[in-house]
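A quick write-up on the structure given underneath.
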Amino acid sequence: MGGSQLVVCVVFSALLLLGTAQSQPVGAPAVNGGFAPAPAPIKSTPAPAPAVTGPPSYIAINCGGLTPPNASIPQYYGGVNYGFGNGSFYQPNNSYVSTAPAGKGDIVFLTDRYYYGTSTKPRQYLGFAPLSGADGALYLTERYGLSFTYELDLPNGVYNVDLHFAETQFNQVGARVFSVTIQGVKSVPNLDIFATVGANTSTIVTRQATVSNGLLSILFETVSSNVGDGEAKVNAIRVYTDSSTNVPFPAPPSSYFVDAGASASRVSPDGVNYTRDSYFSNGAAVAFTSVGAPSPLSVAQTTDAIVYSTARVGRSFSYYFNLPVGHYRVELAFVEGQFTQPGQRLFTVEIQGVQAFSTIDIIGNSTYALSPAPAPAPGPASYLYTPTSFNLTTAAAVANGLLRIDFNGTNGGNATVSAIKVTPLNANTNGTLAIDCGSPIDVLSGNGVIFQADTNFSAASYSVQSNPYQVFLPYNDAVDDFLYPTVRQGNFTYNFSLPNGTYLVTLYFADLNATGPGQRIFDVYIQEVKVLSQLDVYARTGGAITAYIRQFPANVTSSRFLSIRFQTSPDALSLPNVSPQNYVLNGTNYANALYPPFVSALYVEPGIPPAPAPARTVVAQAPRPIGPPPPPGAPDPYFAYVNTPADLPLGPVPPVPTFGGAASANPSCPANGAPPQAINCTGPCPLWTPPFGLNVAVNAAGPRYVSSCGIVFEDDSNNSTRCGQGDVIPQGVRWCRTNIKGPEGGYQFSTGEGIFNTSDPTIFQSEFIGYNTYKFRLPSPGVYQVYSYFAEVSGDDPIINVNRPALRIFYIHFNGNNADAIGPIDPFVLGGDRKFYAAPAIGRGVQCSSNELSIQYEAVAAGRDAPAIKGIWVYGPVDANFNAMAPLGAQSPASPASGVNAPPPPVGVPPSAASSGAPTPAPTPSGS
Numbered sequence: 007m008g009g010s011q012l013v014v015c016v017v018f019s020a021l022l023l024l025g026t027a028q029s030q031p032v033g034a035p036a037v038n039g040g041f042a043p044a045p046a047p048i049k050s051t052p053a054p055a056p057a058v059t060g061p062p063s064y065i066a067i068n069c070g071g072l073t074p075p076n077a078s079i080p081q082y083y084g085g086v087n088y089g090f091g092n093g094s095f096y097q098p099n100n101s102y103v104s105t106a107p108a109g110k111g112d113i114v115f116l117t118d119r120y121y122y123g124t125s126t127k128p129r130q131y132l133g134f135a136p137l138s139g140a141d142g143a144l145y146l147t148e149r150y151g152l153s154f155t156y157e158l159d160l161p162n163g164v165y166n167v168d169l170h171f172a173e174t175q176f177n178q179v180g181a182r183v184f185s186v187t188i189q190g191v192k193s194v195p196n197l198d199i200f201a202t203v204g205a206n207t208s209t210i211v212t213r214q215a216t217v218s219n220g221l222l223s224i225l226f227e228t229v230s231s232n233v234g235d236g237e238a239k240v241n242a243i244r245v246y247t248d249s250s251t252n253v254p255f256p257a258p259p260s261s262y263f264v265d266a267g268a269s270a271s272r273v274s275p276d277g278v279n280y281t282r283d284s285y286f287s288n289g290a291a292v293a294f295t296s297v298g299a300p301s302p303l304s305v306a307q308t309t310d311a312i313v314y315s316t317a318r319v320g321r322s323f324s325y326y327f328n329l330p331v332g333h334y335r336v337e338l339a340f341v342e343g344q345f346t347q348p349g350q351r352l353f354t355v356e357i358q359g360v361q362a363f364s365t366i367d368i369i370g371n372s373t374y375a376l377s378p379a380p381a382p383a384p385g386p387a388s389y390l391y392t393p394t395s396f397n398l399t400t401a402a403a404v405a406n407g408l409l410r411i412d413f414n415g416t417n418g419g420n421a422t423v424s425a426i427k428v429t430p431l432n433a434n435t436n437g438t439l440a441i442d443c444g445s446p447i448d449v450l451s452g453n454g455v456i457f458q459a460d461t462n463f464s465a466a467s468y469s470v471q472s473n474p475y476q477v478f479l480p481y482n483d484a485v486d487d488f489l490y491p492t493v494r495q496g497n498f499t500y501n502f503s504l505p506n507g508t509y510l511v512t513l514y515f516a517d518l519n520a521t522g523p524g525q526r527i528f529d530v531y532i533q534e535v536k537v538l539s540q541l542d543v544y545a546r547t548g549g550a551i552t553a554y555i556r557q558f559p560a561n562v563t564s565s566r567f568l569s570i571r572f573q574t575s576p577d578a579l580s581l582p583n584v585s586p587q588n589y590v591l592n593g594t595n596y597a598n599a600l601y602p603p604f605v606s607a608l609y610v611e612p613g614i615p616p617a618p619a620p621a622r623t624v625v626a627q628a629p630r631p632i633g634p635p636p637p638p639g640a641p642d643p644y645f646a647y648v649n650t651p652a653d654l655p656l657g658p659v660p661p662v663p664t665f666g667g668a669a670s671a672n673p674s675c676p677a678n679g680a681p682p683q684a685i686n687c688t689g690p691c692p693l694w695t696p697p698f699g700l701n702v703a704v705n706a707a708g709p710r711y712v713s714s715c716g717i718v719f720e721d722d723s724n725n726s727t728r729c730g731q732g733d734v735i736p737q738g739v740r741w742c743r744t745n746i747k748g749p750e751g752g753y754q755f756s757t758g759e760g761i762f763n764t765s766d767p768t769i770f771q772s773e774f775i776g777y778n779t780y781k782f783r784l785p786s787p788g789v790y791q792v793y794s795y796f797a798e799v800s801g802d803d804p805i806i807n808v809n810r811p812a813l814r815i816f817y818i819h820f821n822g823n824n825a826d827a828i829g830p831i832d833p834f835v836l837g838g839d840r841k842f843y844a845a846p847a848i849g850r851g852v853q854c855s856s857n858e859l860s861i862q863y864e865a866v867a868a869g870r871d872a873p874a875i876k877g878i879w880v881y882g883p884v885d886a887n888f889n890a891m892a893p894l895g896a897q898s899p900a901s902p903a904s905g906v907n908a909p910p911p912p913v914g915v916p917p918s919a920a921s922s923g924a925p926t927p928a929p930t931p932s933g934s
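This is the structure we're talking about:
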């Protein structure tokens with residue numbers, strides 16, 4: 007390059023410079039240096055339940071989301087926030103209720119979800135009053151992009167599809183032209199909203215669509231690629247039947263079991279309820295006769311041969327699942343029903359646009375499938391193939407309610423799959439992070455993940471940036487273009503402090519400098535294990551500015567650090583076809599040298615934890631206890647049971663008892679010994695009547711709720727729960743609440759946002775804020791187990807937004823004794839420096855000398871915000887040596903009821919905690 011400066015020099019077939027993510031309405035004056043104050047017509051609280059009944063008839067989505075202005079971010083870069091970074095999921099906060107005629111029921115527009123696409127983002131029109139006419143506030147937000155799709159899982163049937171539009175950015179014909187394709191048919195070609203209805207005027211385009219496989223697809227595609235032209239957009243979507251009442255479809259399930267290619271649902275021998283083949287796009291259903299005869303079906307290595315007798319097959323096909331936001335386990339089942347030799351069918355699987363499995367060869371990858379042919383013949387060796395089950399499992403993050411699984415044949419062949427299972431991930435960590443390398447700002451991906459500004463890199467590296475909001479056209483299919491205009495380069499390392507556990511690490515690359523192969527060759531190490539050797543991104547992709555994505559598993563152990571290192575390959579210059587360059591980097595001239603290593607972005611998410619060894623107990627991971635260290639000479643409750651050497655003999659897992667007349671206990675429930683993750687019972691748990699003298703739970707500021715494992719959290723949503731005069735517990739009730747500072751009833755807050763890391767989000771969606779004290783009437787003095795539930799769910803208003811550590815810090819005091827306390831507690835930190843993450847439950851045994859227990863939440867002076875409590879669970883009395891880690895049914899309360907097993911106590915509390923009084927955060931309480 008003859009001494010040229012090493013900068014981003016990219017030739018585009020077209021270049022689109024996006025407008026700011028926050029926009030002024032057509033003709034609206036700019037205020038506050040170009041940013042208008044955010045209006046408040048869009049409702050961000052959950053909508054009331056419909057007052058009408060009838061069959062479910064609609065789903066409605068308010069597209070886009072709120073993007074508050076941020077004066078520290080230049081307007082060219084958008085000038086807005088997307089919430090919070092560090093791997094967090096974008097929260098649109100834009101639900102809306104449309105008032106319908108009396109008797110029909112209001113229409114609830116959900117916050118934006120179920121989308122994916124290329125260069126797609128939310129936009130909020132700040133300072134813009136609602137449009138005149140019906141539901142004008144719907145048009146204050148929008149989703150826009152080069153190409154994006156909504157995938158909705160719906161019952162089969164005929165639907166009306168309402169698409170809401172308003173042109174609030176351009177005021178000339180041709181400035182924004184796009185098309186809409188519904189169910190593969192271009193239903194709205196070349197739409198120009200301004201040409202149709204003018205500026206600042208809403209319009210609804212209605213089309214009819216038929217759903218025959220449980221999936222409705224709506225694709226928006228930009229037509230014009232001229233610089234400065236607008237992209238495809240939509241303000242809201244409503245899909246509905248001709249029902250006379252507005253009853254929303256229920257929330258999506260948290261699990262799917264699909265028998266690919268099957269025409270009917272069935273129950274497998276091991277009790278799995280498989281649905282008929284549904285939620286797919288493209289491909290064909292086939293029946294594998296070679297595994298269907300003789301009857302009964304014969305497939306090796308499975309107890310359910312029938313599920314392998316059908317499959318979906320095609321050059322390229324996809325499945326789309328609507329799910330609650332969170333992390334999931336994805337299991338894929340395969341069998342080869344057409345070919346008999348290795349290499350005859352090769353294909354890949356992508357999950358959320360990232361290749362999870364490359365070069366799948368069902369026959370070649372199976373260790374059971376092949377045996378030598380009995381009669382050798384001249385020529386290549388031949389084999390006999392026994393149809394054999396072949397299964398693959400991975401993890402997936404769902405940030406916006408949509409899980410996308412793509413199957414792609416290679417070398418002109420077809421991909422295949424026989425069954426798909428999607429279930430909540432029982433991970434051994436909840437650590438998640440996303441980094442847009444080299445970027446000075448947070449960037450939002452097309453899947454709803456916020457990639458935060460570059461951080462945690464070693465000093466010997468440099469960022470190279472073009473404008474983060476330049477979009478490459480064309481760039482690559484289904485790629486988040488905004489992640490690639492910046493890179494970090496040099497010989498450098500990222501070090502991240504993460505909880506111990508298993509992770510998936512995704513690395514994103516796009517070479518912005520190389521003009522040919524051999525100009526940049528480097529190695530990548532994760533936890534000092536080489537995962538990419540002599541990587542030449544240009545050679546791998548066939549060109550510059552072309553995305554290359556790789557994913558690898560990683561384990562974080564006692565070091566509690568994840569290390570990702572990039573280094574020029576030591577022997578790179580000796581390789582054939584190497585092409586050294588002359589360039590300048592950070593003021594230094596390099597002659598006849600290779601370009602340094604680089605990375606565009608990285609994403610770390612929970613992975614599949616390794617299966618426990620036979621006859622060994624899984625050692626539960628718990629967070630470090632909150633509070634002072636144990637007294638000198640006492641065992642450290644953290645290291646005493648978390649870092650047990652793997653080679654020590656561990657006892658066998660005790661059998662799980664059952665309760666009379668109830669289902670068997672599920673060992674995956676934290677109540678039964680699984681790793682603690684707040685309240686998170688994802689399977690059937692025993693229904694039991696605790697024999698404790700007191701067993702009461704409270705849903706702070708929320709309605710009565712029965713948790714996933716049967717614990718009833720009582721209603722605390724109104725002032726009927728307040729303590730009486732003199733702060734005494736009223737006659738006839740077991741508990742009450744009082745607020746010693748602020749308004750007499752305390753501050754009450756609720757959110758409609760999803761809560762991660764729990765299967766009981768309802769408990770964490772409401773809270774009382776303030777110096778609240780809860781008092782409980784006890785049947786007798788003694789030791790009682792007390793647990794409190796926390797998650798940071800504050801709103802986006804900067805005055806109350808708790809989006810970093812140390813803003814809300816408090817202690818829990820018991821019975822008015824300041825020395826008997828747990829803390830300091832920071833719910834934001836306990837959630838992994840994230841909002842909307844359920845923290846591990848906090849609690850322990852409390853000695854009560856009277857018939858009353860008081861629990862007070864008191865702020866630390868250094869904190870900005872008052873304490874916020876989501877829920878409380880109290881039970882007892884228990885023996886002084888009560889072991890909160892004992893397995894289900896292994897111990898009794900202080901006075902057990904005859905013939906009834908004790909309910910399972912919370913796991914994760916060391917045996918010494920109850921007796922020593924050492925404050926510890928308790929993971930999931932039993933059965934909650």
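Numbering (the numbering used here), first residue to last: 7 to 934. In this text, a Cβ means the ideal position worked out from N, Cα and C, and glycines have one as well.
So, with DSSP's three-state summary, where would you put residue i?
i, result
"A143", "helix"
"F345", "coil"
"T727", "helix"
"F567", "strand"
"V319", "strand"
"S249", "coil"
Can you tell me where the alpha helix (DSSP H) holding residue i begins and where it ends?
i, result
"T308", "Looking at the DSSP string, T308 is not in any alpha helix (DSSP H), and its letter there is neither H nor E."
"V704", "V704 -> not in any alpha helix (DSSP H); beta strand (DSSP E) instead, spanning L700 to A706."
"P505", "P505 -> no alpha helix (DSSP H), and no H or E assigned at all."
"T202", "I199 to V203"
"N434", "No alpha helix (DSSP H) contains N434, which DSSP labels as neither H nor E."
Looking only at its own chain, which residues have a Cβ that is under 7 Å from the Cβ of residue i, when we skip the five neighbours before and after it?
i, result
"D542", "P523, G524, R526 and I527"
"S856", "P787"
"T727", "C742 and R743"
Taking the beta carbon of residue i as the centre, do at least 16 other beta carbons fall within 10 Å, making it buried, or is it exposed?
i, result
"Q771", "buried"
"F263", "buried"
"G418", "exposed"
"A886", "exposed"
"L489", "buried"
"A270", "exposed"
"I805", "exposed"
"A607", "buried"
"F842", "buried"
Near residue i, which residues of its chain fall below 6 Å by C-beta distance, leaving aside the five closest residues on each side in sequence?
i, result
"S125", "G151, L152, V477 and D487"
"A66", "I113, F115 and R244"
"P98", "G71, T117 and D118"
"I366", "F353"
"F782", "W741, L859 and V880"
Would you give the residue range spanned by the beta strand (DSSP E) that residue i belongs to?
i, result
"A402", "F396 to V404"
"V535", "V535 to L541"
"G938", "There is simply no residue 938 to check, as the chain begins at 7 and stops at 934 in what is shown."
Spatial neighbours of residue i within its chain, please: C-beta separation below 8 Å, excluding the five flanking residues on both sides.
i, result
"F935", "The structure shown does not extend to residue 935, since the chain is modelled only from 7 through 934, so no value can be given for it."
"P616", "T508"
Inset, instruction - Only counting runs of 4 or more residues, tell me where the alpha helix (DSSP H) segments fall wholly within the stretch 100-127, in order along the chain. - result: none
Inset, instruction - Go through the stretch 142-183 residue by residue and report every complete run of the beta strand (DSSP E) that reaches 3 residues or more, in order. - result: 147-159 and 163-172
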